[in-house]
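J.:
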Amino acid sequence: MRKYLYIYKSTLIENLSYIPNILFGFINFGVMMFIFLNLWQYMYSDGGQVISGYTIEEMIWYVLIAEILWFGTRNKNLTRQISQDIKSGNIAYNINKPYNYIFYIICKHLGDITIKFIAFIIVGAAIGNLFVGPIKGFSLTNLPFIAITILLGVLINSILRILISIISFWIEDSTPFHWLYDKLILVIGTIFPIDIFPEFIRPILQFTPIFVVTYGPTKLIIDFSMQRFIEVVIAQIIYLIISFSLTIILYERGVKKSNVNGG
(Lines of atoms letter the chains of each structure in order from A and count residues from 1; the text may use other names and numbers.)
(Lines give C-alpha, C1' and ligand atoms only; values in the text may rest on other atoms or scores of the structure.)
Protein backbone atom coordinates (compact mmCIF):
# COMPACT_ATOMS: atom_id res chain seq x y z
CA MET A 1 0.00 0.00 0.00
CA ARG A 2 2.87 2.38 0.81
CA LYS A 3 4.34 2.10 -2.67
CA TYR A 4 1.05 3.14 -4.29
CA LEU A 5 0.74 6.05 -1.86
CA TYR A 6 4.29 7.05 -2.79
CA ILE A 7 3.41 6.93 -6.50
CA TYR A 8 0.39 9.16 -5.83
CA LYS A 9 2.36 11.64 -3.70
CA SER A 10 5.31 11.87 -6.10
CA THR A 11 2.99 12.48 -9.06
CA LEU A 12 1.08 15.09 -7.04
CA ILE A 13 4.28 16.94 -6.14
CA GLU A 14 5.48 16.76 -9.74
CA ASN A 15 2.26 18.41 -10.93
CA LEU A 16 2.84 21.38 -8.65
CA SER A 17 5.42 22.47 -11.23
CA TYR A 18 2.74 22.69 -13.91
CA ILE A 19 0.30 25.15 -12.32
CA PRO A 20 0.37 27.43 -15.44
CA ASN A 21 -0.87 24.50 -17.56
CA ILE A 22 -3.72 23.94 -15.12
CA LEU A 23 -4.66 27.62 -15.23
CA PHE A 24 -4.61 27.51 -19.04
CA GLY A 25 -7.25 24.78 -18.88
CA PHE A 26 -9.67 27.26 -17.32
CA ILE A 27 -9.90 29.04 -20.68
CA ASN A 28 -11.79 26.13 -22.26
CA PHE A 29 -13.83 25.73 -19.10
CA GLY A 30 -14.74 29.42 -19.08
CA VAL A 31 -15.76 29.40 -22.76
CA MET A 32 -17.95 26.31 -22.28
CA MET A 33 -19.64 27.77 -19.21
CA PHE A 34 -20.26 31.10 -20.97
CA ILE A 35 -21.99 29.26 -23.83
CA PHE A 36 -24.13 27.08 -21.57
CA LEU A 37 -25.05 29.92 -19.22
CA ASN A 38 -26.37 31.93 -22.15
CA LEU A 39 -28.08 28.87 -23.64
CA TRP A 40 -30.03 28.05 -20.50
CA GLN A 41 -30.80 31.69 -19.75
CA TYR A 42 -32.37 31.93 -23.20
CA MET A 43 -34.39 28.74 -22.66
CA TYR A 44 -35.67 30.11 -19.35
CA SER A 45 -36.24 33.60 -20.73
CA ASP A 46 -40.04 33.43 -20.21
CA GLY A 47 -39.47 33.80 -16.47
CA GLY A 48 -40.70 31.60 -13.64
CA GLN A 49 -40.34 28.56 -15.86
CA VAL A 50 -39.38 25.12 -14.56
CA ILE A 51 -37.92 22.58 -17.00
CA SER A 52 -38.04 18.90 -15.97
CA GLY A 53 -38.24 19.95 -12.33
CA TYR A 54 -35.26 22.33 -12.52
CA THR A 55 -35.39 26.06 -11.95
CA ILE A 56 -32.88 28.12 -13.90
CA GLU A 57 -30.63 28.36 -10.84
CA GLU A 58 -30.69 24.58 -10.34
CA MET A 59 -30.06 23.89 -14.02
CA ILE A 60 -27.08 26.24 -14.18
CA TRP A 61 -25.64 24.73 -11.00
CA TYR A 62 -26.18 21.24 -12.43
CA VAL A 63 -24.33 22.05 -15.65
CA LEU A 64 -21.58 23.84 -13.73
CA ILE A 65 -20.96 20.97 -11.28
CA ALA A 66 -21.15 18.32 -14.00
CA GLU A 67 -18.65 20.31 -16.08
CA ILE A 68 -16.30 20.40 -13.09
CA LEU A 69 -16.54 16.62 -12.72
CA TRP A 70 -15.84 16.21 -16.44
CA PHE A 71 -13.17 18.88 -17.05
CA GLY A 72 -11.45 18.42 -13.70
CA THR A 73 -10.83 14.69 -14.18
CA ARG A 74 -9.75 14.59 -17.82
CA ASN A 75 -6.20 13.36 -18.28
CA LYS A 76 -4.76 12.65 -21.72
CA ASN A 77 -1.56 11.34 -20.12
CA LEU A 78 -3.54 8.40 -18.74
CA THR A 79 -4.64 7.04 -22.10
CA ARG A 80 -1.43 8.08 -23.86
CA GLN A 81 0.83 6.16 -21.47
CA ILE A 82 -1.22 2.96 -21.60
CA SER A 83 -1.39 3.09 -25.38
CA GLN A 84 2.36 3.66 -25.69
CA ASP A 85 3.17 0.87 -23.23
CA ILE A 86 1.00 -1.57 -25.18
CA LYS A 87 2.28 -0.58 -28.61
CA SER A 88 5.93 -0.67 -27.51
CA GLY A 89 5.53 -3.96 -25.64
CA ASN A 90 6.75 -2.41 -22.39
CA ILE A 91 3.57 -3.43 -20.65
CA ALA A 92 4.64 -7.07 -20.80
CA TYR A 93 7.64 -6.27 -18.60
CA ASN A 94 5.53 -4.56 -15.94
CA ILE A 95 4.55 -7.93 -14.49
CA ASN A 96 8.11 -8.16 -13.13
CA LYS A 97 7.86 -4.79 -11.39
CA PRO A 98 7.20 -4.65 -7.62
CA TYR A 99 3.75 -3.21 -8.23
CA ASN A 100 0.57 -4.00 -10.11
CA TYR A 101 0.41 -2.04 -13.37
CA ILE A 102 -3.30 -1.24 -13.06
CA PHE A 103 -2.93 0.09 -9.50
CA TYR A 104 0.14 2.05 -10.60
CA ILE A 105 -1.79 3.73 -13.43
CA ILE A 106 -4.75 4.54 -11.17
CA CYS A 107 -2.54 6.13 -8.48
CA LYS A 108 -0.57 8.08 -11.08
CA HIS A 109 -3.77 9.32 -12.70
CA LEU A 110 -5.25 10.43 -9.38
CA GLY A 111 -2.01 12.25 -8.61
CA ASP A 112 -2.23 13.99 -11.98
CA ILE A 113 -5.77 15.29 -11.51
CA THR A 114 -5.95 16.11 -7.77
CA ILE A 115 -4.65 19.70 -7.95
CA LYS A 116 -6.57 20.43 -11.14
CA PHE A 117 -9.79 19.00 -9.70
CA ILE A 118 -9.53 21.06 -6.51
CA ALA A 119 -8.81 24.19 -8.56
CA PHE A 120 -11.87 23.56 -10.74
CA ILE A 121 -14.06 23.11 -7.66
CA ILE A 122 -12.91 26.45 -6.23
CA VAL A 123 -13.32 28.35 -9.51
CA GLY A 124 -16.62 26.64 -10.29
CA ALA A 125 -18.07 27.46 -6.86
CA ALA A 126 -17.03 31.09 -7.33
CA ILE A 127 -18.67 31.27 -10.79
CA GLY A 128 -21.88 29.68 -9.54
CA ASN A 129 -22.24 31.99 -6.57
CA LEU A 130 -21.43 35.01 -8.74
CA PHE A 131 -23.98 34.27 -11.48
CA VAL A 132 -26.91 32.60 -9.70
CA GLY A 133 -26.12 32.69 -5.98
CA PRO A 134 -25.87 29.80 -3.49
CA ILE A 135 -27.67 26.51 -4.07
CA LYS A 136 -31.04 26.69 -2.32
CA GLY A 137 -31.47 24.11 0.42
CA PHE A 138 -27.82 23.04 0.34
CA SER A 139 -26.50 21.96 3.74
CA LEU A 140 -22.87 21.46 4.74
CA THR A 141 -23.93 18.39 6.73
CA ASN A 142 -24.51 16.62 3.41
CA LEU A 143 -20.93 17.20 2.23
CA PRO A 144 -19.45 13.93 3.58
CA PHE A 145 -22.08 11.90 1.72
CA ILE A 146 -21.64 13.94 -1.46
CA ALA A 147 -17.84 13.63 -1.22
CA ILE A 148 -18.15 9.82 -1.12
CA THR A 149 -20.15 9.74 -4.36
CA ILE A 150 -17.78 12.21 -6.05
CA LEU A 151 -14.70 10.16 -5.11
CA LEU A 152 -16.35 6.93 -6.26
CA GLY A 153 -17.42 8.64 -9.50
CA VAL A 154 -13.88 9.85 -10.18
CA LEU A 155 -12.50 6.37 -9.47
CA ILE A 156 -15.04 4.67 -11.73
CA ASN A 157 -14.34 7.17 -14.50
CA SER A 158 -10.60 6.47 -14.18
CA ILE A 159 -11.07 2.69 -14.33
CA LEU A 160 -13.41 2.92 -17.32
CA ARG A 161 -10.84 4.99 -19.20
CA ILE A 162 -8.16 2.42 -18.37
CA LEU A 163 -10.50 -0.36 -19.51
CA ILE A 164 -11.04 1.40 -22.85
CA SER A 165 -7.28 1.92 -23.26
CA ILE A 166 -6.56 -1.77 -22.66
CA ILE A 167 -8.55 -2.56 -25.80
CA SER A 168 -5.34 -1.46 -27.58
CA PHE A 169 -4.10 -5.02 -27.02
CA TRP A 170 -6.52 -6.15 -29.72
CA ILE A 171 -6.97 -3.03 -31.88
CA GLU A 172 -4.37 -0.58 -33.08
CA ASP A 173 -5.87 2.57 -31.56
CA SER A 174 -8.48 2.96 -28.80
CA THR A 175 -8.83 6.74 -29.38
CA PRO A 176 -12.22 6.48 -31.18
CA PHE A 177 -13.66 4.60 -28.21
CA HIS A 178 -12.39 7.29 -25.85
CA TRP A 179 -13.98 9.91 -28.08
CA LEU A 180 -17.35 8.12 -27.93
CA TYR A 181 -17.12 7.76 -24.16
CA ASP A 182 -16.24 11.43 -23.69
CA LYS A 183 -19.10 12.59 -25.90
CA LEU A 184 -21.56 10.29 -24.11
CA ILE A 185 -20.62 11.76 -20.73
CA LEU A 186 -20.42 15.33 -22.03
CA VAL A 187 -23.65 15.54 -24.00
CA ILE A 188 -26.01 13.37 -21.95
CA GLY A 189 -24.58 13.49 -18.44
CA THR A 190 -23.09 16.98 -18.40
CA ILE A 191 -24.82 19.42 -20.71
CA PHE A 192 -28.24 17.87 -20.04
CA PRO A 193 -29.38 16.01 -16.90
CA ILE A 194 -31.07 12.62 -17.29
CA ASP A 195 -34.38 14.15 -16.12
CA ILE A 196 -34.71 16.20 -19.30
CA PHE A 197 -34.94 13.12 -21.54
CA PRO A 198 -38.17 11.19 -22.26
CA GLU A 199 -39.32 8.89 -19.46
CA PHE A 200 -38.82 5.69 -21.44
CA ILE A 201 -35.10 6.52 -21.91
CA ARG A 202 -34.31 7.47 -18.31
CA PRO A 203 -34.23 3.91 -16.89
CA ILE A 204 -31.76 2.94 -19.63
CA LEU A 205 -29.53 5.92 -18.92
CA GLN A 206 -29.44 5.01 -15.22
CA PHE A 207 -27.56 1.82 -16.15
CA THR A 208 -24.90 3.74 -18.07
CA PRO A 209 -21.71 5.35 -16.67
CA ILE A 210 -23.52 8.69 -16.88
CA PHE A 211 -25.51 7.93 -13.73
CA VAL A 212 -22.55 6.97 -11.55
CA VAL A 213 -19.93 9.38 -12.92
CA THR A 214 -21.72 12.72 -13.31
CA TYR A 215 -25.49 12.69 -12.86
CA GLY A 216 -25.68 10.91 -9.49
CA PRO A 217 -23.12 13.02 -7.57
CA THR A 218 -24.34 16.25 -9.20
CA LYS A 219 -28.00 15.57 -8.46
CA LEU A 220 -27.15 15.00 -4.80
CA ILE A 221 -25.60 18.47 -4.61
CA ILE A 222 -28.64 20.08 -6.23
CA ASP A 223 -31.30 18.09 -4.38
CA PHE A 224 -29.95 15.86 -1.63
CA SER A 225 -31.86 12.99 -0.07
CA MET A 226 -30.59 9.98 1.85
CA GLN A 227 -32.60 7.63 -0.36
CA ARG A 228 -30.97 9.04 -3.50
CA PHE A 229 -27.55 8.83 -1.84
CA ILE A 230 -28.05 5.12 -1.11
CA GLU A 231 -29.23 4.47 -4.69
CA VAL A 232 -26.22 6.26 -6.17
CA VAL A 233 -23.67 4.58 -3.88
CA ILE A 234 -25.08 1.09 -4.50
CA ALA A 235 -24.96 1.70 -8.27
CA GLN A 236 -21.40 3.04 -7.97
CA ILE A 237 -20.19 0.04 -5.95
CA ILE A 238 -21.68 -2.38 -8.49
CA TYR A 239 -20.12 -0.42 -11.35
CA LEU A 240 -16.77 -0.28 -9.56
CA ILE A 241 -16.65 -4.03 -8.96
CA ILE A 242 -17.67 -4.93 -12.51
CA SER A 243 -15.44 -2.39 -14.29
CA PHE A 244 -12.39 -3.18 -12.15
CA SER A 245 -12.86 -6.94 -12.59
CA LEU A 246 -13.14 -6.54 -16.37
CA THR A 247 -10.04 -4.33 -16.39
CA ILE A 248 -7.96 -6.91 -14.50
CA ILE A 249 -9.21 -9.79 -16.68
CA LEU A 250 -8.54 -7.98 -19.96
CA TYR A 251 -5.15 -6.75 -18.74
CA GLU A 252 -3.99 -10.25 -17.80
CA ARG A 253 -5.23 -11.70 -21.10
CA GLY A 254 -3.61 -8.85 -23.02
CA VAL A 255 -0.26 -9.40 -21.30
CA LYS A 256 -0.41 -13.14 -22.09
CA LYS A 257 -1.27 -12.33 -25.69
CA SER A 258 1.67 -9.93 -25.84
CA ASN A 259 4.05 -12.52 -24.39
CA VAL A 260 2.86 -15.21 -26.79
CA ASN A 261 3.43 -12.88 -29.73
CA GLY A 262 6.93 -12.07 -28.56
CA GLY A 263 6.35 -8.90 -26.51
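Residues 4 to 266 in my numbering are what the sequence shown lists, from first letter to last.
Each residue gets a CB set at the ideal place from its N, CA and C atoms; glycine is no exception.
Count the other C-beta atoms from every protein chain shown that fall within 10 angstroms of the C-beta of E70, then say buried if there are 16 or more, exposed otherwise.
T.: Here residue 70 refers to the residue found at position 67 when the sequence shown is read from its first residue. The residue in question, E70, is buried, as its Cβ has 16 or more Cβ neighbours within 10 Å.
J.: Rounded to a whole number of angstroms, what is the C-alpha to C-alpha distance between F227 and I204?
T.: The residue you call residue 227 lines up with position 224 of the sequence shown. The residue you call residue 204 lines up with position 201 of the sequence shown. Their Cα atoms are separated by approximately 23 Å.
J.: Taking Y57 and Y65 to be in contact with their CB atoms under 8 Å, please state how far apart those CB atoms are, rounded to whole angstroms.
T.: Locating residue 57 in the sequence shown gives position 54, where the first residue counts as 1. Locating residue 65 in the sequence shown gives position 62, where the first residue counts as 1. Going by Cβ atoms, the distance from Y57 to Y65 rounds to 7 Å, so yes, they are a contact pair.
J.: Just verifying my parser: in three-state terms, what is the DSSP assignment at I165?
T.: The sequence position of residue 165 within the sequence shown is 162, counting from 1. Correct three-state label for I165: helix.
J.: Please list, in chain order, all residues of the same chain as L72 whose beta carbon is under 6 Å from its beta carbon, the five residues on each side excluded.
T.: In the sequence shown, residue 72 corresponds to position 69, counting from 1. Hits under 6 Å: T217.
J.: Inspect the CB distances between the segment 104-116 and the segment 241-258 and report whether three or more fall short of 8 Å.
T.: Counting Cβ pairs under 8 Å, three or more are found: they touch.
J.: If you run the structure through DSSP and keep just helix, strand and coil, what is I233?
T.: Translated into the one-based positions of the sequence shown, residue 233 becomes position 230. Of the three classes helix, strand and coil, the one that applies to I233 here is helix, per DSSP.
J.: Let's test the definition: count the other Cβ atoms within 10 Å of the Cβ of V235 and tell me whether it reaches 16, buried, or not, exposed.
T.: Taking the sequence shown and counting its residues from 1, the one referred to as residue 235 is at position 232. By the 10 Å Cβ count, V235 comes out buried.
J.: Which class does I1 belong to by DSSP, given the choice of helix, strand or coil?
T.: The requested residue 1 does not occur in the structure, where the chain is confined to residues 4 to 266.
J.: Where does the unbroken alpha helix (DSSP H) through P101 begin, and where does it stop?
T.: If you number the sequence shown from 1, residue 101 lands on position 98. That residue, P101, is in no alpha helix (DSSP H); it is neither H nor E in DSSP.
J.: How about I240 and S171: do their beta carbons lie closer than 7 Å?
T.: Counting from 1 along the sequence shown, the entry for residue 240 is found at position 237. Counting from 1 along the sequence shown, the entry for residue 171 is found at position 168. Not a contact, by the Cβ cut-off of 7 Å.
J.: Pull up the DSSP beta-bridge partners for Y57, would you.
T.: To locate residue 57, count along the sequence shown from 1; it is residue 54. Note: Y57 sits in a beta bridge opposite I54.
J.: Going by DSSP in three states, E202 sits in which element: helix, strand or coil?
T.: Here the question's residue 202 lines up with position 199 in the sequence shown. Looking at E202 - three-state DSSP - the assignment turns out to be coil, as it is neither helix nor strand.
J.: What does a CB cutoff of less than 7 Å around I251 pick up in its chain, not counting 5 residues either side in sequence?
T.: By 1-based counting over the sequence shown, the position of residue 251 is 248. Excluding sequence neighbours, I251 sits near I105.
J.: Between P137, I159, G75, which has its C-alpha nearest I63's C-alpha?
T.: For the purposes of this step, residue 63 is identified with residue 60 of the sequence shown, where counting begins at 1. For I63, the nearest C-alpha among the options comes from P137.
J.: What do you get for R164, buried or exposed, if any count of 16 or more other CB atoms within 10 angstroms of its CB means buried?
T.: By 1-based counting over the sequence shown, the position of residue 164 is 161. Buried, since its Cβ has 16 or more Cβ neighbours within 10 Å.
J.: From this set, L113, G75, G33, which residue's C-alpha is nearest T14's C-alpha?
T.: Walking along the sequence shown from the start, residue 14 turns up at place 11. Checked all of L113, G75, G33; the closest Cα to T14 is L113.
J.: For the putative contact between L67 and I130, defined by C-beta atoms under 8 Å, what is the C-beta separation to the nearest angstrom?
T.: On the sequence shown, residue 67 is found 64 positions in, with the first residue counted as 1. On the sequence shown, residue 130 is found 127 positions in, with the first residue counted as 1. The pair is a contact, with the Cβ atoms about 6 Å apart (cut-off 8 Å).
J.: Put D49 into one of helix, strand or coil per three-state DSSP.
T.: Position 46 of the sequence shown, counted from the start, is the residue given in the question as residue 49. Of the three classes helix, strand and coil, the one that applies to D49 here is coil, per DSSP.
J.: Using the Cα positions of I188 and N80, report the straight-line distance between them to the nearest angstrom.
T.: Here residue 188 refers to the residue found at position 185 of the sequence shown. Here residue 80 refers to the residue found at position 77 of the sequence shown. Rounded to whole angstroms, I188 to N80 spans 19 Å at the Cα level.
J.: Quick one: what does DSSP say G131 is sitting in, helix, strand or coil?
T.: Translated into the one-based positions of the sequence shown, residue 131 becomes position 128. Helix, per DSSP.
J.: Buried or exposed for G219, please, with buried defined as at least 16 other CB atoms from any protein chain shown within 10 angstroms of its CB.
T.: Position 216 of the sequence shown, counted from the first residue, corresponds to residue 219. Looking at its Cβ environment, which holds 16 or more other Cβ atoms inside 10 Å, G219 is buried.
J.: Near I191, which residues of its chain fall below 7 Å by C-beta distance, leaving aside the five closest residues on each side in sequence?
T.: Position 188 of the sequence shown, counting from 1, holds the residue named residue 191. Here the set comprises L208, I213.
J.: In chain order, what residues of the same chain have a beta carbon less than 6 Å from the beta carbon of F32, not counting five sequence neighbours either side?
T.: The count along the sequence shown starts at 1 and reaches residue 32 at position 29. Answer for F32: F74, listed in chain order.
J.: Rounded to whole angstroms, what is the Cα-Cα separation between Y242 and F210?
T.: By 1-based counting over the sequence shown, the position of residue 242 is 239. By 1-based counting over the sequence shown, the position of residue 210 is 207. C-alpha separation (whole angstroms): 9 Å.
J.: So for N145, helix, strand or coil by DSSP?
T.: Locating residue 145 in the sequence shown gives position 142, counting from the first residue. In the structure shown, N145 sits in a helix (DSSP, three-state: H, G or I).
J.: Along the chain, where does the alpha helix (DSSP H) containing P220 start, and where does it finish?
T.: Taking the sequence shown and counting its residues from 1, one reaches residue 220 at position 217. First-last of the alpha helix (DSSP H) with P220: 219-225.
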